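To convert, take the position in the sequence shown, counting from 1, and add 44; that gives the numbering used here.
A virtual CB, placed ideally from N, CA and C, is assigned to each residue, including glycine.
Note that the structure is predicted; figures quoted are calculated from it, not measured.
Below is one structure, written out as structure tokens; comments come after it.
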Amino acid sequence: MIREKPQDFLDILKSYVPDLQKPAGAARQEFSEFFAEFQTEERPEVEQVAIRSDLRGVWCSVPEAVPDRTLLFFHGGGFSVGSTADHLGFCAELARATQSRVFSVDYRLAPEHTFPAQVEDAVAAYRYLASHGYPPHRIIPVGISSGGTLVLDLLLTLRDQHLLMPPAAVCMSPMVDLAFGGESVTVNRDSDWLSASRLTAIRIQYLAGREPDDPLASPVHANLSGLPRLYIQTGSGELLYDDISAFAKKAKWAGVQVRFEIWEGMFHFWQIFGKQVPEARDAVSRAGAFVRETFGR
């Protein structure tokens, strides 16, 4: 269970609401300082590389990592905040749990760069790895929250462009429908730190007037046939619970092998709060087992 009283910790999280009236740099700095505080203090070795002049990747390594195993990681933050820097503790946990090197992508952010810039960056990062000696069958994309959306967008783009795909992917609390129309947005309003107004702000800022039913904006509207194995986590207390459940069901109907886990009582993004929520490390451990199993095939 959560180390503090669950409601107390949720109240702490709810106290953080990005101020969209502030300059983007200030909002991102606040996000980084706030969320880094709740991650494990372990930090991986890091090496920055240029994917493009305006796109950076960061290699995150731990001693247990097997050199030919690569996680292509996309951070959370609602497409407008977040970076590798404020997910380093989480990257270390992922690297250790999967025994893999993590290649984290600092994709472009809204409002300066709106949809589909982030999708383009996800594809560029994958192409970078493939062109630098990392074969697709040794790459597994992993994303949390909006990063989980980019994982699915990457897979859909690779399929549609008839490119070699990775053997599997991991999505933790992905945003799969930017209309955010599931009943859980209302039903779970007291059990999640996200709010309906925050979700609306994410949609407006990221899509900049585009329709949320675009399959790359909201993968639940995509044709999902032909995707590789998916491992998906959601918490029963998330605002996004119904949307994620609907996506998992649709993917199964499309013939995709889906391992779908519902974590009782957990809220959005819980996997990152390793210092406060024991279930966070448990979730990372479960994802790690899936990745190791996939690489061991």
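Counted as a single uninterrupted DSSP element, the beta strand (DSSP E) harbouring residue 91 occupies residues 89-96. In the displayed model, residue 298 falls within coil according to three-state DSSP, outside both helix and strand. Counting only runs that start and end inside the region 228-258, the alpha helix (DSSP H) elements of at least 4 residues fall at 228-231, 240-251. The region 186-195 makes contact with the region 213-226: 3 or more CB pairs, one atom from each, lie closer than 8 Å.
Per DSSP, residue 186 is not a residue of any alpha helix (DSSP H); the beta strand (DSSP E) it occupies stretches across 183-188. Inter-residue distance for residue 137 and residue 322 is about 13 Å (C-alpha atoms, whole angstroms). In the DSSP assignment, residue 79 falls within the alpha helix (DSSP H) that extends over 68-80.
The alpha-carbon of residue 157 is positioned some 34 Å away from that of residue 338. In the structure shown, the three-state DSSP call for residue 203 is helix. Setting aside the 5 residues that flank it on each side, residue 98 is surrounded in the same chain by 152, each with a C-beta closer than 8 Å to its C-beta; the list follows chain order. Proximity to residue 269 across 278, 263, 300, 243 peaks at 300, based on C-alpha coordinates.
Distances from the CA of residue 222 to each of 184, 185, 198, 261 were compared; the closest alpha carbon is that of 261. Per the coordinates, the alpha-carbon of residue 297 lies some 15 Å from the alpha-carbon of residue 287.
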